[in-house]
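Numbering (the working numbering), first residue to last: 992 to 1233.
What follows is a single structure, written as structure tokens, with notes after it.
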Amino acid sequence: MINKGYNTKKFISIIGFIVFVIIIVFYFRLYDLKNVKRLVSSYGKAAPFIFLILCTIRPILLLPIGLFSVLGGILFGTILGTVYTVVGGTIGSIIAYYMARYWGRDWIEGLLNGKIKKIDKKCEEKGFIVTFLMRVIPILPCDVVSYICGLSNIKIWEYIVGTFLGIIPGTFVYSYFGSSLDNIYSKQFILSVLFLILLSILPFIIKKFNVSTKNFGIEVNELEENIDLSKKDDKIINNEGE
């Protein structure tokens, strides 16, 4: 069952992010956005490569991928912003995947409340589908998904393909939003905000209308319940009650 409190927090965080960006745009007006574009343009053909490098090292910088998606939309437009962010984000996710394996299972499993064992088998059996669903549906933060997959027995190629395809929809929406910020009174801006809200309530929609993914061999509700970081294991709850 999807944890309502956890998804409410995710919804509020997306709305808060939208409001924050709008406030920043109003505060600095559009002058600074144009300055940023001019600064990036001054790097010429190297600009996309610089952006790709930043996207690639994003997990190390501890910055959300949504921020880079918006920035990509601002700097390069919806399509190119999406392409650059997806490519850079996929490479960055591969880095996070291997970071998890390098740092060790015990440390990160403790960080994730002991949820690794529950999802490990599903990652091994349905690696591509599990990765794709966790990427395309905002169940968990991007890097947490990378850590979970990195500690599982998922095949690397399934992880890479699932990640690449799974982050395209969300990245497109955020890039579309970023590209609309030069005119916050436009229909494009309003539409992009609606897309962001829709993205944030996607888990609610799946549960409300009983959308099933059994044809893929796994249920989204079951998947989210297994990795819900806001829930404690029964053993922990019992120990606290003693």
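Idealized CB from N, CA, C, for every residue including glycine.
None of these values were measured; they are calculated from a predicted model.
Cβ neighbour criterion (16 or more within 10 Å) applied to TYR1176:
Counting other Cβ atoms within 10 Å of its Cβ, TYR1176 stays below 16 and is therefore classed as exposed.
By Cβ distance below 6 Å, which residues in the same chain neighbour SER1170 in space, the five residues on each side in sequence not counted?
Around SER1170, the same chain offers GLY1064, GLY1068, THR1069 as residues with beta carbons nearer than 6 Å, after the five sequence neighbours per side are excluded.
Inter-residue Cα distance where the pair is ILE1085 and ILE1151
About 7 Å.
Please look up how many angstroms separate the CB atoms of THR1162 and ILE1145, rounded, as I've assumed it's under 8 Å.
Not quite, the Cβ-Cβ distance comes to about 21 Å (not below 8 Å), so this is no contact.
Do the CB positions of CYS1133 and ILE1056 come within less than 8 Å of each other?
Cβ distance < 8 Å, so CYS1133 and ILE1056 count as in contact.
Member of LEU1058, ILE1159, TYR1093, VAL1184 whose CA lies at the smallest distance from the CA of LEU1045
Among LEU1058, ILE1159, TYR1093, VAL1184, the Cα nearest to that of LEU1045 is on LEU1058.
Considering Cα atoms alone, identify which of ARG1029, GLU1116, ILE1159, THR1076 is closest to THR1047.
Considering only alpha carbons, the answer is THR1076.
With 16 as the cutoff for other CB atoms within 10 Å, does ARG1029 come out buried or exposed?
The residue is exposed, with fewer than 16 neighbouring Cβ atoms inside 10 Å.
Outcome for LYS1117 when other beta-carbon atoms lying within 10 angstroms are tallied against a minimum of 16
LYS1117 is classed as buried because its beta carbon has at least 16 other beta carbons within 10 Å across all chains shown.
Closer than 7 Å: ILE1070 CB and nearest the ligand NAP heavy atom:
Among the components modelled here there is no ligand, and therefore nothing to report on the ligand NAP.
Would you kindly work out how many angstroms separate the C-alpha atoms of GLY1157 and PHE1040, rounded to a whole number?
The straight-line gap from Cα to Cα measures roughly 22 Å.
Measuring CA to CA, which of PRO1129, THR1073, SER1032 is closest to LEU1189?
Comparing C-alpha distances from LEU1189 to each of PRO1129, THR1073, SER1032 shows the shortest one belongs to PRO1129.
Evaluate ILE1228 with the Cβ neighbour count: other Cβ atoms within 10 Å of its Cβ, from every protein chain shown; 16 or more gives buried, anything less gives exposed.
Note that ILE1228 has pLDDT 36, beneath the 50 cutoff, so the model's placement of it is unreliable and the number below is only indicative. When all chains shown are included, ILE1228 counts as exposed.
Determine the direct distance from the alpha carbon of VAL1074 to that of LEU1187, and round the result to whole angstroms.
For LEU1187 and VAL1074, the distance between alpha carbons rounds to 18 Å.
Classification of GLY1141 by the beta-carbon crowding that lies within 10 angstroms, buried from 16 upward
It is buried - the Cβ of GLY1141 has at least 16 other Cβ atoms within 10 Å.
When the distance is taken between beta carbons, is TYR1165 closer than 8 Å to VAL1031?
Not a contact, by the Cβ cut-off of 8 Å.
Given TYR1088 as reference, the closest of GLY1153, TYR1138, LYS1178, TRP1148 once Cα atoms are compared
Taking each of GLY1153, TYR1138, LYS1178, TRP1148 in turn and checking the Cα distance to TYR1088, the smallest one comes out for TYR1138.
Which whole-angstrom value is the C-beta distance of PHE1168 and SER1183, which I expect to be below 8 Å?
Right, the Cβ-Cβ distance comes to about 4 Å (below 8 Å), so this counts as a contact.
Beta-carbon spacing of GLY1083, ARG1126 below 8 Å
Taking C-beta atoms as the reference points, GLY1083 and ARG1126 fail to come closer than 8 Å.
Roughly how many angstroms separate the alpha carbons of TYR1093 and LEU1043, rounded to a whole number?
Cα to Cα, the separation comes out at about 23 Å.
Starting from ASP1134, follow the alpha helix (DSSP H) in both directions and report where the run begins and ends.
1133-1141 is the span of the alpha helix (DSSP H), which, as asked, contains ASP1134.
GLY1068 by DSSP, collapsed to three states: which one?
If DSSP states are grouped into helix, strand and coil, GLY1068 belongs with coil.
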